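Q: 454 is the number that our numbering gives to position 153 of the sequence shown; each next residue is one higher, with no gaps.
We put the CB at the ideal spot given by N, CA and C, even for glycine.
Note that this is a predicted model, so its numbers are computed, not measured.
The structure follows.
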Amino acid sequence: MTHYDALETRSADERAAAQLAALNARLAQNGLAPVGALSDLARLPVLRKSELSARQKARPPFGGLPVANAAHVFQSPGPIYEPGGVSHDWWRMGRFLHACGIGPGDVVQNCFGYHLTPAGMIFESGARAVGAAVLPAGTGQTDLQVRAAADIGTTAYAGTPDYLKVILDRAAEMGERLKITRAAVGGGALFPSLRKEYADRGIACLQCYATADLGNIAYESAAQEGMIVDEGVIVEIVRPGTGDPVPDGEVGEVVVTTLNPDYPLIRFATGDLSAVMPGQSPCGRTNLRIRGWMGRADQTTKIKGMFVRPEQVAEFVGRHPEISRARVVATREGETDAMTVQVESAGGDATAYQKSVMDVLKLRGRIEIVPKGALPNDGKVIEDRRRYD
302 MTHYDALETR
312 SADERAAAQL
322 AALNARLAQN
332 GLAPVGALSD
342 LARLPVLRKS
352 ELSARQKARP
362 PFGGLPVANA
372 AHVFQSPGPI
382 YEPGGVSHDW
392 WRMGRFLHAC
402 GIGPGDVVQN
412 CFGYHLTPAG
422 MIFESGARAV
432 GAAVLPAGTG
442 QTDLQVRAAA
452 DIGTTAYAGT
462 PDYLKVILDR
472 AAEMGERLKI
482 TRAAVGGGAL
492 FPSLRKEYAD
502 RGIACLQCYA
512 TADLGNIAYE
522 SAAQEGMIVD
532 EGVIVEIVRP
542 GTGDPVPDGE
552 VGEVVVTTLN
562 PDYPLIRFAT
572 GDLSAVMPGQ
582 SPCGRTNLRI
592 RGWMGRADQT
602 TKIKGMFVRP
612 EQVAEFVGRH
622 PEISRARVVA
632 TREGETDAMT
642 VQVESAGGDA
652 TAYQKSVMDV
662 LKLRGRIEIV
672 PKGALPNDGK
682 VIEDRRRYD
């Protein structure tokens with residue numbers, strides 16, 4: 302299959318130069334000074350959803366951020382309001398649908414929601430970009446979904462990973478044989494067993510990683526080796542609770558800068574965990590790859606009646622340069638909460654660490670010093686081992 306456009310096969314230097322120019326234009330829109338390199342992004346503050354929500358309450362609907370050419374206004378839980386445009390491939394979803402093999406002649410049964418939230422429009426915009434027709438099915442009413450798919454002859458599905466199985470199973474009960482051979486899914490985990498079931502039914506299923514605020518962030522290709530970062534965003538992986546990039550391969554929080562001139566978000570924290578993968582995709586696309594969704598970065602946990610947040614763990618680590626990583630572990634001892642702070646350090650002073658823990662976390666806990674590299678590479682800085690059943 303040919304690629305969506307020439308951007309997908311650029312050299313790393315070409316991509317970095319183009320993204321830097323676009324980034325500085327977006328920074329100017331936000332009233333920020335230009336940077337000399339993409340790595341300088343790490344010096345800028347992270348924008349979290351809680352802060353965006355607070356800004357929007359103070360200055361509705363978009364918090365004073367630069368917004369242009371908004372044809373729609375959407376509402377996501379929070380509530381948070383997002384603009385939507387109608388220019389070509391505004392959310393950049395066409396790139397993913399093309400990777401799925403969807404194009405002219407296809408009819409996409411779009412089972413993402415169209416009400417308030419933008420998911421339905423995001424995928425419809427992508428289908429329009431690749432020249433496919435759309436059945437705007439939305440969610441629910443499975444019998445009608447089957448009837449329409451059979452009558453119209455839909456060839457592709459867009460929606461959450463599990464709802465396609467509901468449609469297929471109901472179609473079998475109704476004695477209908479559908480023509481769906483490709484599926485573009487998102488908004489939930491695509492488990493290997495479910496992907497295999499679709500493949501056994503003759504349906505190639507690929508997944509993307511997108512949000513209402515940012516549009517498409519990364520997507521699978523037919524190679525199915527990680528997710529390829531979209532050409533219209535810059536992705537960083539940072540240590541949870543901070544804006545500090547982690548080494549490639551280490552799990553951290555996904556922070557995204559979108560280069561969309563209509564709605565440029567700078568260092569927007571998704572709250573999701575992932576990690577950078579080495580090398581390039583066998584499909585020929587040359588952009589950075591990530592491992593996909595690996596959990597949530599907001600690990601705020603209540604211990605002994607006090608909230609412990611990732612930002613506090615980061616502050617604790619920052620007080621001791623010899624500490625590479627730390628992890629707070631919550632357990633139960635009898636009927637009482639207990640806290641252990643695991644510290645990656647070449648020796649170190651447990652007494653000093655104990656004092657810092659009290660100062661920053663406001664709780665007393667055991668200190669466990671472990672060798673560098675001993676803590677799991679799962680992005681967790683707070684682990685709750687207490688059982689609630």
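Considering Asn411, what are the terminal residues of the beta strand (DSSP E) in which it resides?
A: Within the sequence shown, the letter at position 110 stands for residue 411. Residues Val408 to Asn411.
Q: Are the region 497 to 512 and the region 437 to 446 touching by the rule of at least three beta carbon pairs closer than 8 Å?
A: Segments in contact, no.
Q: Assuming Leu328 and Ile567 are in contact, meaning their beta carbons sit under 8 Å apart, how far apart are those beta carbons, in whole angstroms?
A: The residue labelled residue 328 in the question sits at position 27 within the sequence shown. The residue labelled residue 567 in the question sits at position 266 within the sequence shown. Confirmed, about 7 Å.
Q: Could you spell out where the alpha helix (DSSP H) holding His304 opens and where it closes?
A: Counted from its first residue, the sequence shown places residue 304 at position 3. Note, His304: premise wrong, no alpha helix (DSSP H); not H, not E.
Q: Using a Cβ-Cβ cutoff of less than 6 Å, which residues in the same chain neighbour Lys480 once the five nearest sequence positions on both sides are dropped?
A: Here residue 480 is taken as the residue at index 179 of the sequence shown, counted from 1. Here the set comprises Gly454 and Thr456.
Q: Return the first residue and the last residue of the beta strand (DSSP E) that Gly550 is part of.
A: For the purposes of this step, residue 550 is taken as residue 249 along the sequence shown, with counting starting at 1. Where Gly550 is concerned, there is no enclosing beta strand (DSSP E), given that its DSSP letter is neither H nor E.
Q: In chain order, what are the residue ranges of uninterrupted beta strand (DSSP E) at least 3 long that sit wholly in the region 568 to 607?
A: Complete beta strand (DSSP E) runs here, min 3: 569 to 575 and 602 to 604.
Q: Spell out the partners DSSP gives Asn517 in its beta bridges.
A: Residue mapping note: residue 517 aligns to position 216 of the sequence shown, counting from 1. Bridge partners of Asn517: Ala511.
Q: Using the C-alpha atoms, what's the distance from Val409 back to Ser582?
A: Numbered from 1 along the sequence shown, position 281 holds the residue referred to as residue 582. Numbered from 1 along the sequence shown, position 108 holds the residue referred to as residue 409. Answer to the nearest angstrom: the Cα atoms are 26 Å apart.
Q: Return the CA-CA distance between Gly465 and Tyr458, expressed in angstroms with no decimal places.
A: Here residue 465 corresponds to residue number 164 of the sequence shown, with the count starting at 1. Here residue 458 corresponds to residue number 157 of the sequence shown, with the count starting at 1. The residue you asked about is not Gly; residue 465 is Leu in the sequence shown. The straight-line gap from Cα to Cα measures roughly 7 Å.
Q: Is there contact between the region 559 to 576 and the region 633 to 650, where contact requires at least three CB pairs shorter than 8 Å?
A: Segments in contact, no.
Q: Could you round the C-beta distance between Pro546 and Glu554 to whole angstroms and report it? I think they count as a contact, below 8 Å.
A: To locate residue 546, count along the sequence shown from 1; it is residue 245. To locate residue 554, count along the sequence shown from 1; it is residue 253. Wrong, their Cβ atoms sit about 10 Å apart, outside the cutoff.
Q: Take Val609 as the anchor and find which of Asn588, Lys681 and Glu498 has the nearest alpha-carbon.
A: In the sequence shown, residue 609 corresponds to position 308, counting from 1. Nearest of Asn588, Lys681 and Glu498 to Val609, Cα basis: Lys681.
Q: Quick one, are the C-beta atoms of Arg586 and Ile518 less than 8 Å apart?
A: Indexing the sequence shown from 1 puts residue 586 at position 285. Indexing the sequence shown from 1 puts residue 518 at position 217. Not closer than 8 Å, so no.
Q: Count the CB pairs spanning the region 370 to 384 and the region 473 to 489 that are closer than 8 Å, and state whether there are at least three.
A: Segments in contact, no.
Q: List the residues that DSSP assigns as beta-bridge partners of Gln442.
A: Your numbering for residue 442 matches position 141 in the sequence shown. Beta-bridge pairing links Gln442 to no other residue.
Q: Counting C-beta neighbours from all protein chains within 10 Å, is the total for Phe280 16 or more, i.e. buried, or is it exposed?
A: Because residue 280 is not part of the residues shown, which for the chain are 302 to 690, the question remains open.
Q: Taking the CB atoms as reference points, tell me whether Val552 and Leu574 lie closer together than 8 Å.
A: Counting from one through the sequence shown, the residue named residue 552 turns up at place 251. Counting from one through the sequence shown, the residue named residue 574 turns up at place 273. Yes, they are a contact pair.
Q: What is the residue span of the beta strand (DSSP E) that Arg483 lies within?
A: The sequence position of residue 483 within the sequence shown is 182, counting from 1. Where Arg483 is concerned, the enclosing beta strand (DSSP E) stretches over Arg483 to Val486.
Q: Any idea what DSSP makes of His399, helix, strand or coil?
A: Locating residue 399 in the sequence shown gives position 98, counting from the first residue. In the structure shown, His399 sits in a helix (DSSP, three-state: H, G or I).
Q: On the three-state DSSP scale, how would you describe Met528?
A: In the sequence shown, counting from the first residue as 1, residue 528 sits at position 227. Strand, per DSSP.
Q: Where does Ile504 fall in DSSP's three states?
A: Taking the sequence shown and counting its residues from 1, one reaches residue 504 at position 203. Reduced to three states, the DSSP call for Ile504 is coil.
Q: What does a CB cutoff of less than 6 Å around Val661 pick up in its chain, not counting 5 residues either side in sequence?
A: Working through the sequence shown from its first residue, we reach residue 661 at position 360. Excluding residues within five positions, the ones whose Cβ falls inside 6 Å are Gln613, Glu616 and Phe617.
Q: Between Val556, Ile624 and Arg667, which lies nearest to Ser646 when the distance is taken from Cα to Cα?
A: The count along the sequence shown starts at 1 and reaches residue 646 at position 345. It is Ile624.
Q: Using 8 Å for Cβ pairs, my map puts Leu339 next to Ala307. What's the rounded Cβ distance?
A: The count along the sequence shown starts at 1 and reaches residue 339 at position 38. The count along the sequence shown starts at 1 and reaches residue 307 at position 6. Not really, about 20 Å apart at Cβ, beyond 8 Å.
Q: Within 10 angstroms of the Cβ of His399, are there 16 or more other Cβ atoms? Answer buried if so, exposed if not.
A: Reading the sequence shown from its first residue, position 98 is the one you call residue 399. Buried, since its Cβ has 16 or more Cβ neighbours within 10 Å.
Q: When the Cα atoms are used, what is the spatial distance from Glu309 to Val387?
A: In the sequence shown, the residue the question calls residue 309 occupies position 8. In the sequence shown, the residue the question calls residue 387 occupies position 86. Roughly 23 Å between the two C-alpha positions.
Q: Can you give me the start and stop residues for the alpha helix (DSSP H) that Val614 sits inside?
A: Residue numbering aside, residue 614 sits at position 313 when the sequence shown is read from its first letter. Counting along the chain, the alpha helix (DSSP H) containing Val614 begins and ends at Pro611 to Gly619.
Q: Does DSSP classify Ile624 as helix, strand or coil?
A: Within the sequence shown, the letter at position 323 stands for residue 624. Of the three classes helix, strand and coil, the one that applies to Ile624 here is coil, per DSSP.
Q: Are there 16 or more other CB atoms within 10 angstroms of the CB of Gly533, so buried, or fewer, so exposed?
A: In the sequence shown, residue 533 corresponds to position 232, counting from 1. Flag for Gly533 reads buried.
Q: Could you check if Gly619 is buried or exposed, using at least 16 other CB atoms within 10 Å of its CB as the buried criterion?
A: Here residue 619 refers to the residue found at position 318 of the sequence shown. With fewer than 16 Cβ atoms within 10 Å of its Cβ, Gly619 is classed as exposed.
Q: Looking only at its own chain, which residues have a Cβ that is under 7 Å from the Cβ of Gly666, when we skip the five neighbours before and after it?
A: Indexing the sequence shown from 1 puts residue 666 at position 365. Closer than 7 Å at Cβ, skipping near neighbours: Met640, Thr641, Val642 and Val658.
Q: Which same chain residues end up closer than 6 Å to Asp407 when comparing Cβ atoms and leaving out the 5 residues on each side of it in sequence?
A: Here residue 407 is taken as the residue at index 106 of the sequence shown, counted from 1. Excluding sequence neighbours, Asp407 sits near Ala433, Thr456 and Ala457.
Q: Whole angstroms is fine: what's the gap from Gly550's alpha carbon to Ala472's?
A: Counting from 1 along the sequence shown, the entry for residue 550 is found at position 249. Counting from 1 along the sequence shown, the entry for residue 472 is found at position 171. Each residue's Cα considered, the two are about 43 Å apart.
Q: What residues in its chain sit with their C-beta under 7 Å from that of Arg686, if we drop five residues either side in the sequence?
A: The residue given as residue 686 occupies position 385 in the sequence shown. Within the same chain, Arg686 has close Cβ partners Val630, Ala631 and Thr632.
Q: If we call anything under 8 Å between Cβ atoms a contact, is Gly402 one with Ala430?
A: Here residue 402 refers to the residue found at position 101 of the sequence shown. Here residue 430 refers to the residue found at position 129 of the sequence shown. No.
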